[in-house]
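Beneath this line is the structure, given in structure tokens, with notes to follow.
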Amino acid sequence: GSLAGLIDISAHWMTDLKEGVCLAGFWFNHEHCCWKYNTTFTDRDKCPEWKSWSQLILGHGEGAFAYILNYLMYVIWALLFSLLAVLLVKGFAPYACGSGIPEIKTILSGFIIRGYLGKWTLIIKTITLVLAVSSGLSLGKEGPLVHVACCCGNILCHLFTKYRKNEAKRREVLSAAAAAGVSVAFGAPIGGVLFSLEEVSYYFPLKTLWRSFFAALVAAFTLRSINPFGNSRLVLFYVEFHMPWHLLELVPFILLGIFGGLWGAFFIRSNIAWCRRRKTTKLGKYPVLEVFVVTAITAILAFPNEYTRMSTSELISELFNDCGILDSSKLCEYVNDFNSTKGDDLPDRAAGPGVYTAMWQLALALIMKVFITIFTFGMKVPSGLFIPSMAVGAIAGRLLGVAVEQLAYYHHDWAIFSGWCSQGADCITPGLYAMVGAAACLGGVTRMTVSLVVIMFELTGGLEYIVPLMAAAMTSKWVADAIGREGIYDAHIRLNGYPFLEAKEEFSHKTLAMDVMRPRRNDPPLTVITQDSMTVEDVETIINETTYSGYPVVVSRESQRLVGFVLRRDLIISIENARKKQDGIVSTSIIYFTDHSPPLPPSSPSMLKLRSILDLSPFTVTDQTPMEIVVDIFRKLGLRQCLVTHNGKLLGIITKKDVLKHIAQLANQDPDSILFN
1 GSLAGLIDIS
11 AHWMTDLKEG
21 VCLAGFWFNH
31 EHCCWKYNTT
41 FTDRDKCPEW
51 KSWSQLILGH
61 GEGAFAYILN
71 YLMYVIWALL
81 FSLLAVLLVK
91 GFAPYACGSG
101 IPEIKTILSG
111 FIIRGYLGKW
121 TLIIKTITLV
131 LAVSSGLSLG
141 KEGPLVHVAC
151 CCGNILCHLF
161 TKYRKNEAKR
171 REVLSAAAAA
181 GVSVAFGAPI
191 GGVLFSLEEV
201 SYYFPLKTLW
211 RSFFAALVAA
221 FTLRSINPFG
231 NSRLVLFYVE
241 FHMPWHLLEL
251 VPFILLGIFG
261 GLWGAFFIRS
271 NIAWCRRRKT
281 TKLGKYPVLE
291 VFVVTAITAI
301 LAFPNEYTRM
311 STSELISELF
321 NDCGILDSSK
331 LCEYVNDFNS
341 TKGDDLPDRA
351 AGPGVYTAMW
361 QLALALIMKV
371 FITIFTFGMK
381 VPSGLFIPSM
391 AVGAIAGRLL
401 GVAVEQLAYY
411 HHDWAIFSGW
421 CSQGADCITP
431 GLYAMVGAAA
441 CLGGVTRMTV
451 SLVVIMFELT
461 GGLEYIVPLM
471 AAAMTSKWVA
481 DAIGREGIYD
491 AHIRLNGYPF
501 LEAKEEFSHK
511 TLAMDVMRPR
521 RNDPPLTVIT
531 QDSMTVEDVE
541 TIINETTYSG
551 YPVVVSRESQ
561 RLVGFVLRRD
571 LIISIENARK
581 KQDGIVSTSI
591 IYFTDHSPPL
601 PPSSPSMLKL
611 RSILDLSPFT
621 VTDQTPMEIV
631 VDIFRKLGLR
641 QCLVTHNGKL
651 LGIITKKDVL
661 KHIAQLANQD
671 PDSILFN
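Heads up, the final residue of the sequence shown is numbered 677 in full-length UniProt numbering, and it's a clean run with no missing numbers.
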């Protein structure tokens with residue numbers, strides 16, 4: 001919660017720094033700078049203490065030269081921020097780039113990425129996230145906040161023995177951390193818990209549910225105490241609508257859902273194609289140059305259009321906003337031809353010139369956002385995907401909402417409007433359309449359903465809009481699933497070659513464990529260690545000749561009865577320590593994994609007892625176990641390997657990667673095309 005507050009405040013200030021500076025104190029952002037002045041409503045952006053760069057350097061803010069100077073300063077600051085971000089990531093924590101959600105899904109499924117949740121990643125990610133968001137790139141802070149929260153969770157785990165020693169407990173903490181991350185990103189504690197359950201977590205027992213809820217609650221409470229936006233809300237784009245919606249409006253809502261699904265599928269395809277290109281060509285060798293070019297293009301295209309110049313969160317809040325009587329934004333320049341004002345309920349009005357200007361500016365902003373986000377997501381800076389996809393949907397929704405509103409205003413005698421939209425009534429809320437569009441696009445990209453709807457209505461405080469949001473989220477998921485099966489996170493997991501077993505897919509083939517296990521028929525036999533007949537030298541030879549991460553321990557070469565499983569890491573460390581600290585350990589010393597060791601003849605070297613590092617309960621299945629069950633075991637327990645026995649004799653081993661290759665083979669893909677890096 002505290003980190004999120006810090007990130008919000010700094011990003012707000014640095015975004016405003018691109019346009020000007022406060023003379024009362026350079027640490028004030030534009031809004032705080034102008035708080036104490038009684039400016040009139042029309043000049044609320046012009047207060048004496050806030051100076052744009054041209055006013056500061058030239059002494060006046062009007063004219064072509066001043067515009068060019070402001071333009072230059074905007075681009076220079078943007079480039080400075082993004083270059084600083086990418087250099088910090090490259091120099092100190094290469095893992096701090098990207099969104100972090102695909103990797104956290106992989107870690108929670110039982111794979112270890114060393115250093116991914118370490119303290120350096122946390123420090124650098126927090127700093128560079130502020131820089132990347134303020135540079136005006138088309139990215140959000142939501143996904144990276146989940147990564148930041150998981151780093152905090154992992155670092156706190158190291159302080160307690162109970163969690164440090166137990167991998168399963170640590171994963172439960174990470175599930176709760178993911179919930180807290182979304183909770184502070186959107187101010188949606190329940191949405192965060194559901195997001196963790198639906199998208200991130202692999203194994204989610206009931207006790208984790210309420211612990212995640214508690215963590216999300218505390219995080220949201222902390223953020224609320226810091227109050228980063230000064231309006232006692234947790235997010236910039238909080239809105240409240242109270243207008244009822246009509247059944248016929250479900251048609252445009254479903255259209256928005258279809259748009260969201262199409263955009264999501266298009267985005268995933270093109271973004272994955274671009275990222276694959278980055279991986280396979282020379283482009284990947286120049287991350288700094290790439291960030292520089294993308295930032296330059298973004299800043300040069302963004303400045304002339306006021307809707308792309310402002311930060312994406314502000315843009316979304318402007319689009320969600322319902323026009324009241326006092327709103328001075330261009331989106332609210334309607335023709336006022338009424339005399340009575342009954343509170344805030346304004347009737348539908350004819351659009352004025354400002355609305356038309358705003359419409360084509362928004363259309364240009366939409367085109368720019370759609371294309372620039374493809375190249376931004378996946379660069380070597382922290383980048384979230386929630387905010388840009390919500391922006392795309394919100395722009396599309398607002399355009400459609402204003403169109404429907406004007407249609408209803410000019411044709412209120414048509415059969416579809418006559419029943420519920422009489423003249424002088426407020427029937428269409430364009431802000432609601434923006435909200436539904438944002439949900440649809442976010443659903444199309446990430447394929448969330450339940451958590452998405454909950455996050456959206458916690459964000460907007462509108463319980464009566466659950467049905468439109470559900471309609472849009474479901475339509476967008478169906479449409480996007482029809483074009484491509486996987487969401488953006490799963491696509492990135494596959495692109496990066498992480499061994500991740502998708503928990504949502506069914507395995508319906510009739511193969512057995514013996515078809516998948518190694519060694520195969522013609523392969524050399526399995527590398528094993530015997531429990532009481534191998535010398536230190538033999539074991540060291542095995543370690544040097546193979547690259548496996550663990551070895552089964554058997555009674556003897558002849559009987560092959562399984563005793564346990566020992567990890568390569570533990571073996572290396574134990575032998576090293578014994579050579580240093582224990583007297584008489586030489587290359588010919590015999591290693592014992594048994595409870596009782598036989599008495600040694602006086603002349604032989606002393607023995608090495610390694611019972612303590614032996615895992616006596618390795619997970620085993622028999623050779624006749626159906627693969628369906630094996631895949632289920634791997635999923636539910638997050639296993640990395642599983643031994644195969646027959647009448648208690650060791651036959652082979654199945655690793656997670658073997659399972660993934662087998663699934664690929666059954667889906668008629670080349671099993672060797674799956675890269676694991």
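For each residue, glycine too, the CB sits at the ideal point set by N, CA and C. Small disclaimer: the values here were computed from a predicted structure and weren't measured.
Using the Cα positions of residue i and residue j, report the straight-line distance between them to the nearest angstrom.
i	j	result
residue 651	residue 112	27 Å
residue 208	residue 166	15 Å
residue 163	residue 198	24 Å
residue 77	residue 656	47 Å
residue 307	residue 567	57 Å
residue 658	residue 492	20 Å
residue 285	residue 279	9 Å
residue 314	residue 12	10 Å
residue 421	residue 361	29 Å
residue 643	residue 620	5 Å
residue 367	residue 525	59 Å
residue 358	residue 398	11 Å
residue 329	residue 225	30 Å
residue 37	residue 23	14 Å
Quick check: residue i and residue j, are their CB atoms within less than 7 Å of each other?
i	j	result
residue 53	residue 33	no
residue 128	residue 89	yes
residue 648	residue 614	no
residue 335	residue 350	yes
residue 176	residue 135	no
residue 106	residue 500	yes
residue 149	residue 189	no
residue 139	residue 202	no
residue 250	residue 305	no
residue 91	residue 263	no
residue 653	residue 641	yes
residue 282	residue 86	no
residue 191	residue 451	yes
residue 555	residue 561	yes
residue 438	residue 469	no
Return helix, strand or coil for residue i, following the three-state DSSP convention.
i	result
residue 593	coil
residue 137	coil
residue 202	coil
residue 641	strand
residue 340	Per-residue confidence for residue 340 stands at a pLDDT of 49, beneath the threshold of 50, marking its modelled position as unreliable; the derived number appears in the next sentence. Looking at residue 340 - three-state DSSP - the assignment turns out to be coil, as it is neither helix nor strand.
residue 330	helix
residue 598	coil
residue 12	helix
residue 381	coil
residue 651	strand
residue 462	coil
residue 324	coil
residue 452	helix
residue 2	helix
residue 609	strand
residue 30	helix
residue 287	helix
Name the two residues that bound the continuous alpha helix (DSSP H) containing residue i.
i	result
residue 495	488-496
residue 427	Careful: residue 427 lies outside any alpha helix (DSSP H) and carries neither H nor E.
residue 475	466-483
residue 372	353-376
residue 656	656-666
residue 393	386-410
residue 335	It is not in any alpha helix (DSSP H) - residue 335 carries neither H nor E in the DSSP assignment.
Would you kindly report the start and end of the unbroken beta strand (DSSP E) that includes residue i?
i	result
residue 613	Segment: none, residue 613 is in no beta strand (DSSP E) and carries neither H nor E.
residue 621	620-622
residue 586	That residue, residue 586, is in no beta strand (DSSP E); it is neither H nor E in DSSP.
residue 21	20-22
Entirely enclosed alpha helix (DSSP H) segments - the segment 48-113, minimum 4 residues: You should have 53-57, 64-92 and 101-108.
Which residue spans inside the UniProt domain "CBS" (517-581) form an unbroken alpha helix (DSSP H) run of at least 4? As for any alpha helix (DSSP H) of minimum length 4 sitting wholly inside the UniProt domain "CBS" (517-581), the runs are 536-545 and 568-581, ordered along the chain.
Let me know the alpha helix (DSSP H) ranges lying completely inside the segment 125-174, each 4 residues or longer, listed in chain order. Positions of the alpha helix (DSSP H) runs, each at least 4 residues long and wholly inside the segment 125-174, are given as 142-157 and 161-164 in order along the chain.
For the segment 185-257, which segments carrying the alpha helix (DSSP H) assignment without a break, of at least 4 residues, lie completely within its bounds, in sequence order? Fully contained in the segment 185-257 are the following alpha helix (DSSP H) runs of length 4 or more, in chain order: 189-195 and 206-226.
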